[in-house]
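One structure is given here, and the rest of the page talks about it.
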Amino acid sequence: MPNRDEMPLPARAEAAKEDSQLRQKRMIADHYRRLAQSPDSGEKNVYTFVPGNLTELIRSFDLLPVLPEINALQSAMRGKSRDYIALAEKLGHSEDVCTYVKCDLGMMKSGNVGPTGERLPDPDLLLLSYTGCFTFMKWFEILREEYHCPVAMLHVPYQGDGLITEDMRRYVVDQLREKIIPTLESISGRRYDEERLREMLARSARAEDDLVAVLESAKHRPSPIDAYFGGVYYIGPIFTAFRGMEEAVDYYRTLRQEVEERLRQGLGPVTPDGAMGPERFRLVVEGPPNWTSFREFWKMFADEGAVVVASSYTKVGGVYDTGFRHDPARPLETLADYCMGCYTNLSLPRRVEMLSRYVRDYDADGLLINSIKSCNSFSAGQLMILREVESRTGRPGGFIESDLVDPRYFSAANIKNRLESYLQMIDQRRMGATA
Amino acid sequence: MEKRVSRDGEHLPGDSLRLLLERLEHLARDHSFTSVRDWKGRGGSLAIGFMPVYVPRELLHAQGVLPVGIMGGGDDLEIIRGDAYYQSYICHIPRSTIELGLNGSLDCLDGMIFPATCDVIRNLSGMWKLQFPEKLSFYLDVPQNFDAAIGGEFYRRTLEELSREMTCRGARSYDAEALRQSIAVYNRNRRLVEELFDLRRLAPWKVPTSELYLLLRAGQVLPVEEFTALLGEYRDAVQSDASRKPMDQARVVVTGSFCEQPPLGLIKTLERSGCYIVEDDFVQVHRWIRGPIREAGDPMDNLVRAFLEDSVDSPIRFIGEQQKGSHLVRRVERCGAEGVVFCSASFCDPALLDQPMAIRALEAAGIPFTAFKFAENNGQFQVIREQAGTFADSIKLWSEVPGHAEPR
């Protein structure tokens, strides 16, 4: 009998995709190809992070952004992360720490091959936007030792008191003006062009309007979208390389039209296995998804008729549904506000308020937390968040655990069991309410 | 080469030293913070706790506030409710700190300061706001930009905000002269702390780390003036103690324990297994600022400049273009150590993410090392004793350094 590793895998059906998903997949693939070709084209790149990314500023210098978290999650979805993490651990990295870091390092040590199968370029600059996650600093310290390239640090203050003060804003703007912009000028060989940046910021705001309309469509019953699993596709372009670009404006306009059409027809979300059945549960989800078993994870929800109507993960690259828009009239100040406003840069009380508001505004059955072993920024305090949101909304909370890109921490049976128990509890409460 | 045998590092101190050490251990293990309650009972004003690693205690002192270092619950606090606040994969110090808050131990504190150490401590600041809304919960965002006009300005404004918050809670208003005097008081304290560290480097048999550690822990809960007096008392006692003789032990730097502290038993285990700890990161707030802070000129600026220019290299601090691990190599050289023991708390992101880079620097410099993890409530040390003993023996047997290295 062949061992488990040698056994043939069952054929997997091609995932069903909406047009917008196909479109964003093409956009991202084209970007990766462009990066792969950059050693020949002469285009330079900047490695940076999703939370607090300065995409408009980077692209205003004609530099190409590279997002290591996106590379890591792409590696996980392609089944590569297990080996990458094993390699990093073999090199001395602890099993206790962030698996995005280890996956990225393992990918780099294995040839830095991106999702299109082509080698990604070495960084010309590591733009350390230190926003909402302490590990980012360590991550780029590690990469700097590997690539021997410059690092530009942008320290983004944390919203400890749940607000952005003028002092915090000035600190970020000063760093942008005195440190980040001169570094980008030096790397790109171009002068800072504020007018060009303003044009990009105006485009960002247009795309953000459409993104918010898409996310808020989930307030309807049935929701035309899944704002967590489907949501990661929707945020793809705006969280990665395209904010401020015409492609993003076009993408979000098209996506909004598509979602509004689904709304008119009363349709639910499209899952990888086709149209979802009747909407039975409406959930708010806190925490990133698991990427190694993304489709299986989604299916567990879809099979139960559980649709995620709002999620915090879709706010890590920017919180727009509270009214923030990039403002071309205040280019550096608006970038500062954007960075400081990202979800993981919010205080615990603000996160509780936001999640409670989601439960109420989206008329959800409750809050489900997917607690990620790798991510202290998200995870530390989540048990308290759960209790607070339960107490403020009167709706039950659920708790599951997995990891970002380490398949060793995705226990399908355990997660399915906990999810089903949680949904049964919601059902029982409903029956109790109507009895 | 003759194999040198590891020996038990225990001493039998004289009565006065023994009584002092008993008092220190009581202070370190007193989860009721009796000394803080006593201080308040004697007419002290506010007492404000702070988490590791660094807060500018001088500012609190200048406003009549007692800074109280909270280092978790150690190995003798039963966690009853704290575990319900944290998943299993998060370090131990936040759960024991929450436990202390929930069981009333920290009632004597008027607030807590949470410095920007890591995401866990950061998020704990928000949990504190939710759990103890009537108390001050201040997130001290220290700059990672070290330009005086940028990070320095930000830090100054942050300290001014902290000062105002304390005043709102009943502390004295900010007064530049008072801060100048407080800086002088802490400079005297720093000097004595460094004197003891120097003595330990030169004669580690005189100043066992398990004792020095208890002294530093006492300094977390006592007024600085009292702590300074204790440092002097201890120094005099050990210098005059002729019973303390050198033993054949390996000189090591212990690093990685700058936040959650190892249990005292672990430190003793390292010493008993044949290691002289000649440098460490324990209770690092006392040594975060290297050397005295300037006393002339604007005292708030001096506090800010000290942070920007004279802070230790630490995994929680961005080091710009410097080579990671080079600071550790210099520490090893300065104190004449023969090896490094990485002793990091489980799930401590800053320490564990830093470690491979530090190891690379040690390997390049030919410095031997060993590594293990701990939690503050560990109770079994046999495995660590064997590991550390083997490490110490291997240094003594095979180290290329002829004889013991000399401190530089």
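One line per chain: the protein sequences are A and B, in this order.
Note that our numbering has the first sequence beginning at 1, numbered continuously upward.
Note that our numbering has the second sequence beginning at 1, numbered continuously upward.
Cβ atoms here follow ideal geometry from the backbone N, Cα and C, with glycine treated the same way.
It should be emphasised that the depicted structure is a prediction, and the values quoted were computed from it without experimental measurement.
- Residues of the region 130 to 149 of chain A whose Cβ lies closer than 7 Å to any Cβ of chain B, in chain order: Y130, C133, F134, T135, M137, K138, E141, I142 and E145.
- Distance from the CA of A/V284 to the CA of A/F294, rounded to the nearest whole angstrom, comes to 17 Å.
- In this structure, DSSP gives B/P315 a state outside helix and strand, which the three-state scheme calls coil.
- Collapsing the DSSP output to three states places B/V383 in a helix.
- Annotation for A/Q74: G114 and P115 place their beta carbon closer than 8 Å to its own, counting only its chain and skipping 5 residues before and after.
- Taking the C-beta atoms as reference points, A/G381 is found no nearer than 8 Å to B/N103.
- Residues of the region 63 to 89 of chain A whose Cβ lies closer than 8 Å to any Cβ of chain B: none.
- Per the DSSP secondary-structure output, A/Y47 pairs in a beta bridge with A/V66 and A/L126.
- Between the region 341 to 360 of chain A and the region 401 to 412 of chain A there are fewer than three C-beta pairs closer than 8 Å, too few to call the two in contact.
- Contact annotation: A/P51 and A/T131 have beta-carbon atoms nearer than 8 Å.
- Setting aside the 5 residues that flank it on each side, B/V207 is surrounded in the same chain by L196, L199, R200 and V238, each with a C-beta closer than 7 Å to its C-beta; the list follows chain order.
- The residue among B/R18, B/D15 and B/V36 with its C-alpha nearest the C-alpha of B/A218 is B/V36.
- Using a Cβ-Cβ cut-off of 8 Å, A/S379 counts as an interface residue toward chain B, since at least one Cβ of chain B sits closer than that to its own.
- Of A/E43, A/V352 and A/V212, the smallest CA-CA separation from A/F324 is found for A/V212.
- In the structure shown, A/N370 falls within a strand segment according to DSSP collapsed to helix, strand and coil.
- In terms of CA proximity to B/I150, A/L154 leads the group A/P150, A/H148, A/Y147 and A/L154.
- Within a 10 Å sphere around the beta-carbon of A/H148 sit fewer than 16 other beta-carbons, which makes this residue exposed.
- The contact set of A/V352 on chain B, defined by CB atoms closer than 8 Å, consists of L130 in chain order.
- Excluding five sequence positions before and after B/L212, the CB atoms of its chain that fall closer than 7 Å to its own CB belong to L196 and R200, given in chain order.
- At least one beta carbon of chain A lies nearer than 8 Å to the beta carbon of B/K324.
- In this chain, the alpha helix (DSSP H) harbouring B/R164 covers E153 to C168.
- If you check the CB distance, A/R169 and A/D337 come in under 8 Å.
- A Cβ-Cβ separation of about 4 Å places A/C133 in contact with A/S377 under the 8 Å criterion.
- The DSSP-derived three-state label of B/K206 is coil.
- In terms of Cβ geometry, A/R243 and A/T55 form a close pair [threshold 8 Å].
- Listed in chain order, the non-local C-beta contacts of A/I415 below 6 Å within the same chain comprise I400, local neighbours out to five positions each way being set aside.
- Taking the beta carbon of A/K373 as reference, the chain B residues within 7 Å of it are Y89, listed in sequence order.
- The alpha-carbon of A/Y358 is positioned some 13 Å away from that of A/Y313.
- Looking at the DSSP output, A/M153 sits in a beta bridge with A/L128.
- In its chain, beyond the 5 residues on either side, V285, V308 and S311 have a beta carbon closer than 6 Å to the beta carbon of A/Y228.
- Under a criterion of Cβ atoms nearer than 9 Å, the residues of chain B adjacent to A/L91 are, in order, P356.
- Pairing A/Y158 with B/R180, the inter-Cα distance amounts to about 30 Å.
- Excluding five sequence positions before and after A/A412, the CB atoms of its chain that fall closer than 7 Å to its own CB belong to S293 and E296, given in chain order.
- Boundaries for B/L140: no alpha helix (DSSP H) harbours it, while the beta strand (DSSP E) harbouring it runs L136 to L140, taken from the DSSP string.
- Here the alpha carbons of B/E177 and A/S217 stand approximately 60 Å from one another.
- The three-state secondary structure of B/R290, taken from DSSP, is coil.
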